[in-house]
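Numbering (this note's numbering), first residue to last: 217 to 862.
Before any comments, here is the structure.
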Ligand code: ADP
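As structure tokens, then:
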């Protein structure tokens with residue numbers, strides 16, 4: 217029988233697949249089971265109006281048989297089958313609608329071979345594990361069956377086949393490749409591998425998948441024990457049974473499924489030890505029909521902040537998992553969400569309507585983002601404790617999300633974030649802050665620092681605190697970037713307690729500060745001179761009450777940001793190429809002219825310039841310490857104290 221050649225496009229794809237070091241070879245089974253399921257769907261549909269089919273709904277099944285000696289795996293179905301012509305057109309060519317797009321994608325980025333695993337390329341995936349594939353099929357209503365054989369890209373043959381069984385259906389016979397060092401193809405004959413793969417990818421295929429499985433039972437032996445009873449022993453036996461569970465939990469009605477059921481399912485499916493804080497169920501019909509069961513975890517996965525973590529939802533179509541981590545369905549800021557989305561509109565095969573996929577996915581993604589948002593908001597408003605648990609694990613993710621894209625998602629996220637309040641002494645939302653604001657309060661005040669205990673004592677905050685205003689304590693490195701991205705909340709601007717203008721001083725106070733600046737210009741200039749290279753200015757502070765000095769940042773970069781950049785530099789090492797090292801805050805020294813230290817400074821300035829230099833340096837060191845910034849030269853600082861004191 218003459219060998220026929222595959223169409224060139226098909227051949228290219230075949231070569232790609234057979235020769236790829238593609239790691240998800242196992243998906244071939246899912247593809248073949250899914251084809252079998254489709255074929256049964258078709259015949260089942262015909263049987264609704266055609267008595268001659270002679271099968272009931274319960275008679276349809278998919279059978280998996282493993283012949284270890286022969287190294288042959290057979291996948292059979294009693295579906296609609298294929299005629300010789302159909303075998304020719306279906307399996308001889310893959311140049312069907314949309315395949316061109318796939319091919320172009322491959323040419324542009326050949327490293328993106330994972331696309332095979334994500335959408336599947338159907339029947340051809342069998343060649344990833346097979347040295348030879350034989351398809352025996354009888355189409356419904358045909359007398360003759362046909363046999364299609366191929367070893368891969370060198371072509372295929374079709375011939376009539378004498379089949380004793382007169383029913384319609386298809387057998388896919390896979391002769392597995394020889395095992396290599398890298399790939400044990402023989403594992404696809406193991407009961408454990410096969411049942412695991414079926415559970416993983418095809419558990420919810422609606423037709424029964426039958427397989428011979430090994431079981432054990434207790435049997436009596438001829439021996440008797442002391443009391444004369446027959447001793448028992450375990451014996452293995454095999455039984456053909458259904459290995460898929462068929463009705464997914466997310467398809468069951470809400471009334472049939474308890475919260476505990478969902479939590480159990482979540483823990484088993486997504487390998488988490490802790491219950492989720494929320495389960496979201498969606499059943500949408502309309503432009504795109506889909507069902508979703510989403511989970512908001514309570515605990516950060518150990519690899520969450522590593523490259524290993526794979527975000528995304530599982531995509532199902534008619535009971536078949538077609539993608540394990542569909543990240544397109546989740547915005548970056550909600551990447552902690554786990555779950556499943558199923559839609560009959562998803563096509564298993566990438567070679568079909570890829571573009572339509574995209575549009576559907578976008579509609580679903582937008583809906584899912586809204587659902588997650590409203591669920592989190594609800595949790596925050598009605599079950600604060602649970603929300604706090606969630607926030608402890610993923611609040612930082614929300615904040616990162618907020619800073620991304622210059623605050624592009626701030627409307628989505630600004631009412632989900634929380635900061636520690638100086639007054640409430642716990643996390644509060646920005647909405648709560650604004651509600652607590654007093655009538656004369658202009659700004660949302662914040663102070664950034666290492667921890668709340670230190671911030672409680674921050675000298676710069678004295679004036680704000682005295683006014684009775686609440687201060688948000690920003691203790692995460694990302695926090696100040698969040699505030700910058702937000703700029704304001706409910707039309708109230710954010711203001712750092714370090715800011716020169718806190719909107720508290722009256723015009724008279726301001727004038728008084730200005731007057732003091734002029735009056736003490738000589739001393740201030742001297743201090744600036746004495747601290748050349750360290751500070752950009754020395755100023756009279758209008759806000760210090762009991763403390764002698766404070767450090768403020770003159771430019772865009774705050775002291776906290778400088779610390780953050782320093783850690784980034786340290787973490788990224790040489791790769792950062794000094795990118796973050798340049799990020800230094802411009803230091804401004806604020807002096808409290810009412811404090812005795814200022815009188816001493818002034819006196820020294822007039823009578824003993826060396827001493828005045830030392831006092832300037834000491835005050836600068838004090839300012840660094842209270843701001844939580846490391847001293848540049850601790851030994852010098854220690855010496856200064858001694859010199860001035862003794
Ligand atoms: P897809 O299933 O995405 O169309 P495949 O390459 O997997 O792509 O299959 C090509 C075609 O071959 C199918 O559309 C179907 O018509 C036919 N086919 C494959 N497997 C079977 C089967 N087990 N029974 C009947 N027809 C099948």
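Cβ atoms here follow ideal geometry from the backbone N, Cα and C, with glycine treated the same way.
- As a beta-bridge residue in DSSP terms, residue 376 pairs with 362.
- Looking only at 522, 534, 518, 545, the smallest Cα-Cα distance to residue 528 is reached by 545.
- Distance from the CA atom of residue 290 to the CA atom of residue 592, rounded to whole angstroms, is 48 Å.
- Around the Cβ of residue 466, a 10 Å sphere holds 16 or more other Cβ atoms; the residue is buried.
- With 16 or more other CB atoms across the displayed protein chains lying within 10 angstroms of its CB, residue 506 is buried.
- As DSSP reads the structure, residue 371 sits in a beta bridge with 368.
- When the alpha-carbon of residue 634 is set against those of 609, 675, 247, the nearest one is in 609.
- In the three-state DSSP reduction, residue 652 falls in the helix class (H, G or I).
- Cβ contact annotation for residue 860 (same chain, cutoff 8 Å, sequence separation greater than five): 827, 830, 831, 834, in chain order.
- The region 295–306 and the region 371–388 touch, with three or more beta-carbon pairs separated by less than 8 Å.
- Looking from the CA of residue 402, the closest CA among 510, 478, 241 belongs to 241.
- The beta carbon of residue 251 sits closer than 6 Å to at least one heavy atom of the ligand ADP.
- Non-local beta-carbon contacts of residue 780 in its own chain, meaning distances under 6 Å to residues more than five positions away in sequence, involve 693 in chain order.
- Around the beta-carbon of residue 261, fewer than 16 other beta-carbon atoms lie within 10 Å, marking it exposed.
- In its chain, beyond the 5 residues on either side, 633, 634 have a beta carbon closer than 8 Å to the beta carbon of residue 611.
- Pairing residue 839 with residue 752 gives a Cβ-Cβ distance that is not under 7 Å.
- For the region 250–322, the continuous beta strand (DSSP E) assignments of 3+ residues that do not extend past its boundaries occur at 278–283, 288–293, in sequence order.
- The straight-line gap separating the alpha-carbon atoms of residue 479 and residue 709 is approximately 42 Å.
- Of the candidates 431, 472, 440, 474, the residue whose Cα lies closest to the Cα of residue 456 is 431.
- In the displayed model, residue 751 falls within coil according to three-state DSSP, outside both helix and strand.
- The alpha-carbon separation between residue 763 and residue 811 amounts to approximately 7 Å.
- Looking only at 813, 533, 862, 599, the smallest Cα-Cα distance to residue 577 is reached by 533.
- Here residue 428 carries a strand assignment [DSSP, helix/strand/coil].
- Beta-bridge analysis with DSSP links residue 707 to no other residue.
- Contact between the region 579–589 and the region 550–561 is established, with three or more Cβ pairs separated by less than 8 Å.
- Residue pairing by DSSP puts residue 768 in a beta bridge opposite 804.
- By the criterion of a C-beta distance shorter than 7 Å, residue 425 is surrounded in its chain by 249, 278, 280, 414, 418, 458, 459, 460, once the five residues flanking it on both sides are discounted.
- Following the DSSP letters along the chain, one finds residue 400 in no beta strand (DSSP E), marked with neither H nor E.
- Put simply, the backbone Cα of residue 735 is about 41 Å away from that of residue 641.
- DSSP, reduced to helix, strand and coil, places residue 501 outside both helices and strands of the structure shown, so it counts as coil.
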